[in-house]
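For what it's worth, this note's numbering labels the leading residue of the sequence shown as 840, then goes sequentially.
Have a look at the structure below before the remarks.
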Amino acid sequence: MSKKRRNNMSDKLIHINDEQFEAEVIKSDKPVLVDFWAPWCGPCRMVGSYLEDLAEELPNVKFVKVDIDENSANAAKYGVMSIPNLVLFKNGEIINRQVGALPKNELKALIENSLN
840 MSKKRRNNMS
850 DKLIHINDEQ
860 FEAEVIKSDK
870 PVLVDFWAPW
880 CGPCRMVGSY
890 LEDLAEELPN
900 VKFVKVDIDE
910 NSANAAKYGV
920 MSIPNLVLFK
930 NGEIINRQVG
940 ALPKNELKAL
950 IENSLN
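Take a look at the structure:
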């Protein structure tokens, strides 16, 4: 299955499925912020709009979204019990996690501080 892109989403914020996870996240040559979300989750939609902006502002980070209703394997593998659940990977390893929504500036600081 190919990457799904939504018309209203940044080209830098990509939707992936469970089969793409290893190639897009674990084997990525740059840090990856994974947004585990669901369409029915209000806070997830709010965070999603922030991530669209951050994907433009932080070109050194890859931003991906995983719909947990359609792709539950990696959500289960990485212990996603609540959403939104943002997991930052570097070199295939988790380096930080944020459960719940944060304002855009705090999300940006969380990412930048984790990578420094």
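The beta carbon of each residue, even a glycine, is placed where N, CA and C say it ideally should be.
Please return the same chain residues whose Cβ sits closer than 6 Å to the Cβ of Arg844, not counting the five positions on each side in sequence.
Because Arg844 sits at a pLDDT of 39, beneath the cut-off of 50, its placement in the model cannot be relied upon, and the point is left open.
For Glu909 and Val871, what's the separation of their Cα atoms in angstroms?
20 Å
Among Asp868, Lys866, Val873 and Ile933, which one has its Cα closest to the Cα of Phe902?
Val873
When burial is assigned at 16 or more other CB atoms within 10 Å of the CB, is Trp879 buried or exposed?
exposed
Over the uninterrupted alpha helix (DSSP H) stretch that includes Val873, give me the two end residues.
Note, Val873: premise wrong, no alpha helix (DSSP H); beta strand (DSSP E) at Val871 to Trp876.
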